[in-house]
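Down below is the structure, laid out as structure tokens.
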Amino acid sequence: MRSMVKNSLWVFHLNSGSCNGCDIEILNIFAPRNDVERLGIKLVGSPRHADAIAFTGPITRECLPKVIDALKAVPEPKVVLAIGACACGGGIWYDTYSVIGGVKELYRILKEEYNMEPPATVFIPGCPPKPEAIIYGVAVASGMLESKQKKTVYVEPEESVANEKLMIAELISETEKTRHFMPGIVIRGVEDEP
Numbered sequence: 114m115r116s117m118v119k120n121s122l123w124v125f126h127l128n129s130g131s132c133n134g135c136d137i138e139i140l141n142i143f144a145p146r147n148d149v150e151r152l153g154i155k156l157v158g159s160p161r162h163a164d165a166i167a168f169t170g171p172i173t174r175e176c177l178p179k180v181i182d183a184l185k186a187v188p189e190p191k192v193v194l195a196i197g198a199c200a201c202g203g204g205i206w207y208d209t210y211s212v213i214g215g216v217k218e219l220y221r222i223l224k225e226e227y228n229m230e231p232p233a234t235v236f237i238p239g240c241p242p243k244p245e246a247i248i249y250g251v252a253v254a255s256g257m258l259e260s261k262q263k264k265t266v267y268v269e270p271e272e273s274v275a276n277e278k279l280m281i282a283e284l285i286s287e288t289e290k291t292r293h294f295m296p297g298i299v300i301r302g303v304e305d306e307p
């Protein structure tokens, strides 16, 4: 994804029917404690100026035309951030009459009715997701963690517990390497040495 975003990631935030829990967490990443603007990540007021579009909330029938218009307005190549359980899969309202579903259902509609291919997407689940998870997802979208993506380790369930402990140790060491872009953020399971 880094080839899509050359310098910084400008994000257009679109609430398509959420309870605003995820919106508050998005605001938290721009607060002084996290301050993602120092990384070049910025919220913009128009999808025409954005590199990425951040969806919060399920896609409702009423918002669908506006969501499609906003998605079409983001210049190519674009990245979609599905933030929260509702944006990822519809959340607790996934099967109600007024909700179409999450971003995946939106992509199905785009493909069938508009012949549009879905853009690169980063799913950030949670209800609401923690600011650290949103920062991590945005970092993945902007390519800051490209080297970590290539080193992803998948452990088969039948492998030994020793391999699982090794994988956890590798993830903790990778987390330590990525802390330089998130100073002051406490990462669970990783303690600073005195």
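Quick note on our numbering: the sequence shown kicks off at 114 and runs consecutively. Ideal Cβ placement from N, Cα and C applies to all residues, glycine included. None of the values given here were measured: they were computed from a predicted structure.
Pair within 8 Å by beta-carbon distance, residue i and residue j
{"i": "Ile213", "j": "Phe168", "result": "no"}
{"i": "Pro244", "j": "Ile142", "result": "yes"}
{"i": "Gly130", "j": "Thr173", "result": "yes"}
{"i": "Leu184", "j": "Val235", "result": "no"}
{"i": "Ile237", "j": "Ile222", "result": "no"}
{"i": "Ala252", "j": "Val192", "result": "no"}
Coarse secondary structure for residue i, derived from DSSP in three states
{"i": "Val212", "result": "strand"}
{"i": "Lys224", "result": "helix"}
{"i": "Asn128", "result": "strand"}
{"i": "Lys185", "result": "helix"}
{"i": "Lys155", "result": "strand"}
{"i": "Ala165", "result": "strand"}
CB-CB length for residue i against residue j, believed under 8 Å
{"i": "Val216", "j": "Ala198", "result": "Actually they are not in contact, since the Cβ atoms of Val216 and Ala198 sit about 12 Å apart, beyond 8 Å."}
{"i": "Asp164", "j": "Leu122", "result": "5 Å"}
{"i": "Val187", "j": "Pro160", "result": "5 Å"}
{"i": "Gly158", "j": "Asn128", "result": "In fact, because the Cβ distance is near 14 Å, the residues do not count as touching under 8 Å."}
{"i": "Gly204", "j": "Cys240", "result": "7 Å"}
Cβ neighbour criterion (16 or more within 10 Å) applied to residue i
{"i": "Pro242", "result": "buried"}
{"i": "Tyr308", "result": "Outside the modelled stretch of the chain, which goes from 114 to 307, sits residue 308, for which no answer is possible."}
{"i": "Gly153", "result": "exposed"}
{"i": "Phe126", "result": "A quick correction: the sequence has His, not Phe, at residue 126. With 16 or more Cβ atoms within 10 Å of its Cβ, His126 is classed as buried."}
{"i": "Ala144", "result": "exposed"}
{"i": "Cys135", "result": "buried"}
{"i": "Leu219", "result": "buried"}
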